[in-house]
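Letter by letter, the sequence shown follows residues 1 to 246 of UniProt numbering.
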Amino acid sequence: MLIANFTGNYDATNETLATTGDLTYGTSQDFNNNDIEFKNLTSGFGADIGFTYEYRPHKLRDSLTSRAHNKYKLKIGAAITDIGSIDYKESTLTTYNLNATADTSTFNEEGDIEQFLDDNYNATETTINQKIQLPTALRVLIDYQIRHKIYVSLQGNLSLKNKNTVGTNSIINNLVVSPRLETRLFSLYAPISFREYGDVAWGAGFRFSALTIGSGSILSNLITDSSQTTDVYLGLKIPIYQKRKR
1 MLIANFTGNY
11 DATNETLATT
21 GDLTYGTSQD
31 FNNNDIEFKN
41 LTSGFGADIG
51 FTYEYRPHKL
61 RDSLTSRAHN
71 KYKLKIGAAI
81 TDIGSIDYKE
91 STLTTYNLNA
101 TADTSTFNEE
111 GDIEQFLDDN
121 YNATETTINQ
131 KIQLPTALRV
141 LIDYQIRHKI
151 YVSLQGNLSL
161 KNKNTVGTNS
171 IINNLVVSPR
181 LETRLFSLYA
191 PISFREYGDV
201 AWGAGFRFSA
211 LTIGSGSILS
221 NLITDSSQTT
231 DVYLGLKIPI
241 YQKRKR
């Protein structure tokens, strides 16, 4: 989906929305069909490339410790992810002219957005062979051990795609600073996130053995009513082919 030159003004008294600009979205074949067929398969290419470097100043001591023990003083990782594109044959592009004033009184949270657009804006459809670019991004991680069991990490994710180009996906740029306490059995961390199009978010989480529970915004929501983010996550690590050293 691409929105170009958009402006909008909502009149709460009259329940009208005045807008300008254009909105374009695309669908591939069989998008609305219950029975998906595989006769029109197309090609695509995708790849990731990256590296990780660890500085380990105590190699002799670390050789005697368990595999679960972090052996680095500094770890740096960088990667370019989602390099490539996917081809679609006979995809449909729908473009709405948003230069109009729409009546929003009949629209509710459960309403059909596509029907609302069709009822209020002029649309044109074109059928083309489309190449969709993957959301190529640069991802960098720096993790530093301040002292025994105390770490701080810096992680950045930067889109390498122009968000205003038709047929291009992109990620939201963000930067995360996360101090943490880490032991073999237990970890506690409090990430601070700076995100494009959003406010600063402060979260917290913990790991106990193989179980991880956390949120990237729980502390923000506790201390302010203006937070624009709410999330929670749960993870379970299942080790495979890892034998204990005897």
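Think of the CB as a built atom: it goes at the ideal place given N, C-alpha and C, for glycine as much as any other residue.
For LYS59, the three-state secondary structure derived from DSSP is helix. Rounded to whole angstroms, the separation of the alpha carbons of THR20 and ASN99 is 4 Å. When only Cα atoms are considered, GLY44 and GLU90 end up about 15 Å apart. As the crow flies, the alpha-carbon of GLU15 is around 22 Å from that of ILE3. Nearest to TYR121 by alpha-carbon distance, out of ARG207, LEU23, GLY216 and SER159, is LEU23. Per DSSP, LEU154 is not a residue of any alpha helix (DSSP H); the beta strand (DSSP E) it occupies stretches across 150-159. ASN174 sits in a strand when the DSSP states are folded into three classes.
Collapsing the DSSP output to three states places ILE218 in a helix.
For GLN115, the enclosing alpha helix (DSSP H) starts and ends at 113-120. Each of TYR72, GLY50 and ASP48 was checked against the Cα of PRO57, and the nearest Cα belongs to TYR72. Across the structure, SER193 and LYS161 are spaced so that their CA atoms are roughly 21 Å apart. When secondary structure is reduced to three states using DSSP, ILE49 falls in the strand class. Per the DSSP secondary-structure output, PRO239 pairs with nothing in a beta bridge. In this structure, the alpha-carbon of ILE128 lies about 7 Å from that of THR92. Residue pairing for LEU181: DSSP places it in a beta bridge opposite ILE150 and LEU188. In the DSSP assignment, GLN228 forms no beta bridge with any residue.
C-alpha of THR183 to C-alpha of ASP103: approximately 58 Å in a straight line. With three or more CB-CB distances shorter than 8 Å, the region 48-56 counts as touching the region 73-87. In this structure, the straight-line span from the alpha carbon of GLY156 to that of ILE142 is close to 9 Å. With contacts defined as CB atoms closer than 8 Å, ILE132 and ILE86 qualify as a contacting pair.
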